[in-house]
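Using numbering that gives the first Met the number 0, read the sequence shown as starting at 0 and increasing by one per residue. Even glycine gets a Cβ: it sits at the ideal position worked out from N, Cα and C.
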Amino acid sequence: MATRLVEPIHTSKQVILSTFRSILRQINKQYTIRNDNTHWKQGAISEYRKHQTNARAPVHLLQLNAVDFLAFLEAKREHKRLVDEYWPASQLTEAEKLGRTAGMVGLSMPRALKHEETKAGGGQTWSEIQKEHREQQTQ
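Listed below in structure tokens is the structure:
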């Protein structure tokens with residue numbers, strides 16, 4: 000007796016509408032609310048309406064594609080959550096990442112000079128500091 004590994008795709012109007020609403024919820028959470036991008040939402044709505052009026056479309060294949068797309072959106076959202084939770088360095092700037100990397104091997108980043116310490120801010124260059132130091136030692 001063979002067992003079925005894949006569940007049949009339900010194509011009732013209620014299930015199709017539920018899948019469509021779930022897709023819209025995921026799109027709203029990931030794109031529309033986050034960066035005010037309605038392109039994905041409008042694309043999903045127009046795709047749903049296009050196939051809603053087409054009676055010759057293979058409904059079970061369309062529903063399978065919708066379920067796959069919903070699974071992709073959910074997996075993408077979960078992946079982002081896991082990356083944010085377990086790899087917080089992904090949100091750091093390049094300078095912060097470099098500082099953390101240096102710290103991992105026991106080094107520290109050189110401090111940034113203030114404007115007054117630079118030549119343009121009226122400070123001295125390294126060679127001027129060395130020359131002044133030598134003059135102080137000879138006196």
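Neighbourhood of residue i by C-beta distance below 6 Å, restricted to the same chain and skipping five residues each side
{"i": "N36", "result": "Y30"}
{"i": "N27", "result": "none"}
{"i": "K49", "result": "none"}
{"i": "M108", "result": "G98, A101"}
{"i": "H63", "result": "According to the sequence as given, residue 63 is Leu; it is not His. Taken in chain order, the residues that qualify are I8."}
Exposed unless 16 or more other CB atoms sit within 10 angstroms - verdict on residue i
{"i": "L61", "result": "buried"}
{"i": "I128", "result": "exposed"}
{"i": "A65", "result": "buried"}
{"i": "I15", "result": "buried"}
{"i": "Q138", "result": "exposed"}
Residues near residue i by beta carbon distance below 8 Å, same chain, minus five either side
{"i": "M0", "result": "Note on M0: pLDDT 48, under 50, position unreliable in the model; the coordinate value appears next. None."}
{"i": "I44", "result": "L23"}
{"i": "V82", "result": "S89"}
{"i": "Q25", "result": "L69, L72, E73, R76"}
Contacts around residue i, its chain only, beta-carbon distance under 7 Å, and the 5 residues preceding and following it disregarded
{"i": "S11", "result": "none"}
CB-CB length for residue i against residue j, believed under 8 Å
{"i": "F71", "j": "Y47", "result": "17 Å between Cβ atoms; not a contact."}
{"i": "I8", "j": "H59", "result": "5 Å"}
Near the ligand ADP: residue i beta-carbon under 8 Å from a heavy atom
{"i": "M103", "result": "By its list of ligands, the structure shown contains no ligand whatsoever, and the ligand ADP lies outside what it can speak to."}
_Contiguous alpha helix (DSSP H) assignments of at least 4 residues, all confined to the stretch 44-85_ = 58-85
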